[in-house]
Each structure stands twice: as C-alpha cells, then as structure tokens.
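Notes to accompany the following structure.
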Amino acid sequence: MLSDTVLDLHHAGFLRLAVILSVPAIAFSIILRLFSPRKKVALQDSSSNEPPMLPYIIPGLAHAIYVAIDIEAVFRQAVRLFGFGRPFTLLVGGKKLYIFTEPKDVAEIFRRAKTLTFAKFLPFTLSRVCDTSPDGIQKMQGAGGNSLEMVHHFFSSRLAHGPGLDGIAEVFQRDLRAALTASGITGTMGKRDMALGGGTYEVSCYSWVRSLMVRVSTPIMFGPELLQINPNIPELIFAFEDGLYKVASGLPRFMAATPYDAREQLRSALDIWIQRKAYLQAASFVRESVEHCLEKGLNSRDAASVMLGILLATQANAATASFWSLLHIATNPLIVPAVKREVALAPDAHNMDAFFDASPALNAVYNEVLRFYASSPSHRMAEEPTTLAGYTMPKDAVIIVPIRQSHLNPETWGANANEFDPQRFMWQPELAKSQMFRPYGGGNSLCSGRLLSKREIFIFLSEVLREFDVEIVGGQKVVPAGYDKRSGAGLLCPKDRNVDIRMVLRRIK
Numbered sequence: 324m325l326s327d328t329v330l331d332l333h334h335a336g337f338l339r340l341a342v343i344l345s346v347p348a349i350a351f352s353i354i355l356r357l358f359s360p361r362k363k364v365a366l367q368d369s370s371s372n373e374p375p376m377l378p379y380i381i382p383g384l385a386h387a388i389y390v391a392i393d394i395e396a397v398f399r400q401a402v403r404l405f406g407f408g409r410p411f412t413l414l415v416g417g418k419k420l421y422i423f424t425e426p427k428d429v430a431e432i433f434r435r436a437k438t439l440t441f442a443k444f445l446p447f448t449l450s451r452v453c454d455t456s457p458d459g460i461q462k463m464q465g466a467g468g469n470s471l472e473m474v475h476h477f478f479s480s481r482l483a484h485g486p487g488l489d490g491i492a493e494v495f496q497r498d499l500r501a502a503l504t505a506s507g508i509t510g511t512m513g514k515r516d517m518a519l520g521g522g523t524y525e526v527s528c529y530s531w532v533r534s535l536m537v538r539v540s541t542p543i544m545f546g547p548e549l550l551q552i553n554p555n556i557p558e559l560i561f562a563f564e565d566g567l568y569k570v571a572s573g574l575p576r577f578m579a580a581t582p583y584d585a586r587e588q589l590r591s592a593l594d595i596w597i598q599r600k601a602y603l604q605a606a607s608f609v610r611e612s613v614e615h616c617l618e619k620g621l622n623s624r625d626a627a628s629v630m631l632g633i634l635l636a637t638q639a640n641a642a643t644a645s646f647w648s649l650l651h652i653a654t655n656p657l658i659v660p661a662v663k664r665e666v667a668l669a670p671d672a673h674n675m676d677a678f679f680d681a682s683p684a685l686n687a688v689y690n691e692v693l694r695f696y697a698s699s700p701s702h703r704m705a706e707e708p709t710t711l712a713g714y715t716m717p718k719d720a721v722i723i724v725p726i727r728q729s730h731l732n733p734e735t736w737g738a739n740a741n742e743f744d745p746q747r748f749m750w751q752p753e754l755a756k757s758q759m760f761r762p763y764g765g766g767n768s769l770c771s772g773r774l775l776s777k778r779e780i781f782i783f784l785s786e787v788l789r790e791f792d793v794e795i796v797g798g799q800k801v802v803p804a805g806y807d808k809r810s811g812a813g814l815l816c817p818k819d820r821n822v823d824i825r826m827v828l829r830r831i832k
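When the sequence shown is numbered by my numbering, its final residue is 832 and no position is left out of the sequence of numbers.
Pasting the structure below:
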C-alpha cells in the first residue's frame with residue numbers, strides 16, 4: 324500500500340513546479356475555473372482503442388495541474404463525463420495512466436499477476452521515499468532473485484494464520500492492557516492530555532490513539548531497543564507520514580523540512596538499531612528482512628532505509644483505522660450498546676476468528692472505516708500489450724486502480740455511498756467478502772499485514788471500550804472530514820491534521 328501511494332504522488336509531480344514557482348492558491352483556483360476540463364475536450368487519436376482521455380486544455384501540463392491540486396476532483400470529473408465504472412486515461416508528465424474502477428475489471432487486473440506486475444514500481448519507492456542508495460537498490464535486485472519480493476514473502480508467511488500471528492496478537496493484547504492501567508495510561512498521554520481524577524482522563528483522540536498504538540506495537544515488531552534509541556519514534560512516524568506526499572513528489576528539503584528531518588531521524592535510529600544487532604530481538608519477519616538485506620551486501624544505512632518502509636507500513640494504518648473506529652463509535656450512540664455487548668468478554672488472542680464472528684457491530688464499523696477511508700491506489704505495469712474491458716494498452720502501460728473511487732460507487736454501495744454508515748455491513752455482511760471491497764489491494768500485492776492489522780484494531784477497541792466509557796467533550800456528534808485531495812499511506816487522515824478532538828475516558832468501576 325505504501326508503494327502504491329508513493330507512485331500516485333509521483334504522478335502528481337507537477338506539484339513540485341507549482342510550489343517552487345510559489346503560485347498562490349488563488350491562481351490555482353482561477354485556472355481550474357477558467358480551464359475546467361468541461362470547457363474543452365482534449366484531442367485523442369480516433370484510431371486508438373485505449374480508454375477515453377479525460378479532457379484537458381493546457382498542452383504540456385495536461386492533467387498534472389488537476390492531479391497536483393485535488394486528485395479527488397479529477398475522479399469526480401471523470402464520473403461526471405463517463406459515468407461510474409468506465410475506464411479512462413490521464414496524461415501526467417507525458418505518461419498515460421489508465422484508470423480502472425469497475426469491480427470485474429479490477430478483479431481481472433489482480434488476477435493477471437504475470438503480465439500486470441507490481442514489482443517494477445518498488446525500486447522507485449525505495450529511492451524516492453526511503454532514500455536507499457542506487458547501490459543498495461541494485462543489490463536488492465541482484466542475483467538470487469528480487470529481494471523486495473523476498474521481504475514480501477517473509478511478511479506473508481509469518482503473518483498468515485497460525486501460531487506466529489496468534490503470538491504477536493497475544494503480546495499486543497497483554498502490553499495494551501498494561502498501557503491502559505492506572506499506572507500505565509499516564510505514560511501514553513501527550514502534553515495536552517490530562518488526568519481529571521477518579522479514573523477519568525481527557526485526551527486528544529487523534530494523537531492519543533495513534534501514539535498509544537505505535538508505542539505498544541513497535542517493541543513487539545522491532546524489539547524493545549528501537550524506542551530506547553529514540554523515544555520519539557511515534558511522533559516521527561506520523562510527521563513523516565503526514566508529509567509523505569511532499570517527499571514522494573520530490574520537493575526540495577527547504578520546502579519540506581519536517582518530513583525530511585523525520586525520515587532522517589527514523590533512519591538514523593534504525594541504522595543504530597541494526598549496528599547494535601538489536602533486530603535479533605524483533606519479530607521473525609522483521610529480523611529475517613534485516614538479515615536478508617545484510618546477506619545481499621547492503622550496508623547498515625541502506626538496510627535501515629529498507630526497514631524504514633517496513634516500519635511505516637506496519638505502524639501507520641492500524642493506528643489511523645483505530646482512531647476513526649473509536650471516534651465513530653463514540654459519536655454514534657445507536658451502535659454503542661451493541662459494541663459494548665460484544666466487548667463484554669475479552670477476545671482470545673489465539674482464537675480471534677471466533678471473536679470476529681461474534682462481533683457483527685465491531686465488524687461493521689471496521690469494514691466501513693476501511694471502505695470510507697482507504698485511499699491508497701493499486702498500480703500495475705503491463706509486461707505486454709494488454710486488453711481489458713475491450714480496450715487495448717501497450718507494453719509498459721501504467722494501470723491504476725483507485726480503491727477509494729471503487730468504494731464510493733453508488734451503483735455498488737447505494738445512494739449514501741458518500742456517507743459513513745456501518746449499517747450497510749450489518750444488513751449485508753457479505754459485502755466484506757465481495758470483489759467490490761478492496762481496502763487491502765489484491766493479487767500478489769495484497770497487503771501481507773492485513774490479518775495482523777485487523778487483530779490489533781479489534782483488540783484495541785475491545786480493551787479500550789471494556790475498560791472505559793468514552794465520550795466526546797461537549798457531546799460533539801460530527802466527525803471531521805477526511806483529507807481526500809491526495810492519497811494517504813493507506814487511510815485518509817483528518818482534513819485538519821492538527822485537529823484536537825477532545826475525548827473523555829471514564830474508567831468503568
């Protein structure tokens with residue numbers, strides 16, 4: 324998911340030029356209004372059997388300016404012109420990007436693992452986002468097979484159903500419980516959080532949930548020493564994630580100091596962690612990934628850059644999904660009784676499937692969070708001329724599946740597709756198993772951490788809601804909008820990234 328997000332941001336590379344030239348936001352607005360794609364249709368070779376080109380008016384820039392400003396608006400415009408589900412083409416940086424959202428087309432794309440590949444995009448992610456050196460990337464792709472695919476195998480095999488996954492879930496549950504005790508919870512609170520006495524606490528929901536999840540999860544995945552090397556790892560992860568689009572778009576450091584500095588501090592901590600061999604205390608899939616990098620001849624700096632991508636992938640999404648889930652439960656009194664009944668008994672970390680089956684309300688919230696907030700598109704490159712949905716694309720064509728647009732299709736999800744409504748999964752739980760629902764991607768790039776992520780989220784919700792009654796200060800029932808102008812590293816963050824949603828946690832006697 325991380326690699327897909329980075330590529331989506333890279334295709335918006337015009338953003339670099341826009342910022343470097345310091346074009347005011349008002350100018351962008353004027354341009355969008357004066358040169359709206361609805362005003363003029365771009366010419367396309369009538370003999371072409373490619374998906375229709377979304378109209379644009381400025382030669383050279385084509386769709387870059389629209390993608391850079393508001394990717395969601397680009398897709399809305401395509402829907403207005405072509406309707407939901409019809410493939411179309413974007414032209415960004417002189418490169419054609421073919422967009423598919425129809426469920427049957429998406430399923431076919433994921434099925435064609437040999438001819439529509441994902442692996443070719445990974446080196447760009449390592450270079451642009453993680454700052455792996457050319458030598459390091461070459462070694463990762465050298466003799467003995469593609470090491471990036473090998474790392475994916477470590478994840479897939481170790482995080483599949485079985486004792487390894489159950490063991491991680493059990494430790495996560497144990498450590499989370501300790502963090503929620505009267506003595507432990509104060510260590511998870513930020514500067515603006517406060518203990519009100521009598522087992523009651525007021526916290527900033529967004530920062531508290533994300534920090535708590537990362538502080539509990541990181542030592543389990545990476546061993547205890549990483550947080551000792553740099554106790555600010557959670558804050559650095561989110562500073563890097565929040566500015567990921569700036570790094571991926573190639574903005575110079577002076578225009579994106581915060582994410583670049585966060586990346587450097589994270590990589591430095593991981594470098595020290597590797598040099599001290601602290602990875603030997605990490606979870607097996609993390610340890611094996613480091614050992615494989617070193618066996619391929621990567622120095623500690625490059626190995627640390629590879630692990631940086633893994634750190635971000637394992638920590639960011641479960642934390643953000645937990646935030647949205649808890650917030651929607653706290654602001655929806657209709658669903659609270661059902662959720663409280665489901666979490667009355669603690670889940671057995673070694674039999675989480677039984678807990679999932681017995682928790683329709685929690686499942687509905689979880690699935691709706693993924694449907695409504697999942698934003699990372701999937702990318703494929705054609706190894707040969709390819710025909711899809713009656714259209715033909717050349718070799719090396721870039722095919723993109725924007726998951727969020729598929730999840731907002733009213734033809735699939737109903738007239739309220741643009742609203743958060745967990746009842747849809749209560750009424751039709753089979754939707755979660757349909758090919759229309761793709762929050763974790765699909766095919767050979769299906770997120771290998773999805774089973775662990777679900778366990779972490781359910782354990783978090785069950786432990787917090789069994790231990791506390793939660794409410795929003797002032798009785799607020801409106802959930803802030805997600806920021807959908809650019810793709811995130813998996814799930815949308817709040818539109819206002821500095822949002823301070825005050826939540827009261829009142830310990831149940």
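For every residue, glycine included, the Cβ atom is placed at its ideal position computed from N, Cα and C.
Taking one beta carbon from each stretch, the region 620-630 and the region 476-493 have fewer than 3 pairs nearer than 8 angstroms; the two do not touch.
For VAL787, the enclosing alpha helix (DSSP H) covers residues 773-790. DSSP places MET630 in the uninterrupted alpha helix (DSSP H) bounded by 623-653.
Within the same chain, LEU499, MET536, SER645 come within 7 angstroms of PHE783 by CB-CB distance, once the 5 residues on both sides are set aside. Counting C-beta atoms within 10 angstroms of its own C-beta, SER771 has 16 or more neighbours from the protein chains shown and is therefore classed as buried. Listed in chain order, the non-local C-beta contacts of GLY513 below 7 angstroms within the same chain comprise SER527, SER530, TRP531, SER534, local neighbours out to five positions each way being set aside. In this structure, LYS663 is the residue among LYS663, PHE760, LYS818, LEU774 with its C-alpha nearest to the C-alpha of GLU786. In the three-state reduction of the DSSP assignment, LEU617 falls in the helix class.
Counting only residues of its own chain and dropping the five nearest sequence neighbours on each side, GLY459 has a CB closer than 6 angstroms to the CB of LEU621, ASP625.
In this structure the region 785-802 lies against the region 652-667, because at least three pairs of beta carbons, one per stretch, are closer than 8 angstroms. About 21 angstroms separates the beta carbons of PRO410 and ASP393, which is beyond the 8 angstroms limit, so they are not a contact pair. Excluding five sequence positions before and after ASP744, the CB atoms of its chain that fall closer than 7 angstroms to its own CB belong to GLU691, given in chain order. Nearest Cα to PHE695 within the set GLN464, LEU449, PHE748, THR523: PHE748. Boundaries for MET376: no beta strand (DSSP E) harbours it, and the DSSP string shows neither H nor E there.
Boundaries for ARG451: no beta strand (DSSP E) harbours it, while the alpha helix (DSSP H) harbouring it runs 445-451, taken from the DSSP string. For the pair LEU550 and ARG586, the Cα-to-Cα distance works out to about 15 angstroms. DSSP, read as helix, strand or coil, puts HIS730 in helix. With a 10 Å radius around the Cβ and a threshold of 16 neighbouring Cβ atoms, GLN728 comes out buried.
Separation of the CB atoms of GLN746 and ALA687 is rounded to 7 angstroms, and the pair is thereby assigned contact status at 8 angstroms. Distances from the CA of LEU413 to each of LEU384, LYS437, PHE407 were compared; the closest alpha carbon is that of LEU384. The region 662-739 is shown to contain whole beta strand (DSSP E) runs of 3 or more residues at 701-705, 709-711, 714-716, 721-724, in chain order. Residue range 411-415 is occupied by the beta strand (DSSP E) that includes PHE411. Straight through space, the alpha carbons of SER572 and TYR806 are spaced by roughly 18 angstroms. DSSP places GLU525 in the uninterrupted beta strand (DSSP E) bounded by 523-527. Here DSSP, grouped into helix, strand and coil, assigns GLY797 to helix. By the Cβ test, the region 816-825 is not in contact with the region 627-641, since fewer than three Cβ pairs between them sit closer than 8 angstroms.
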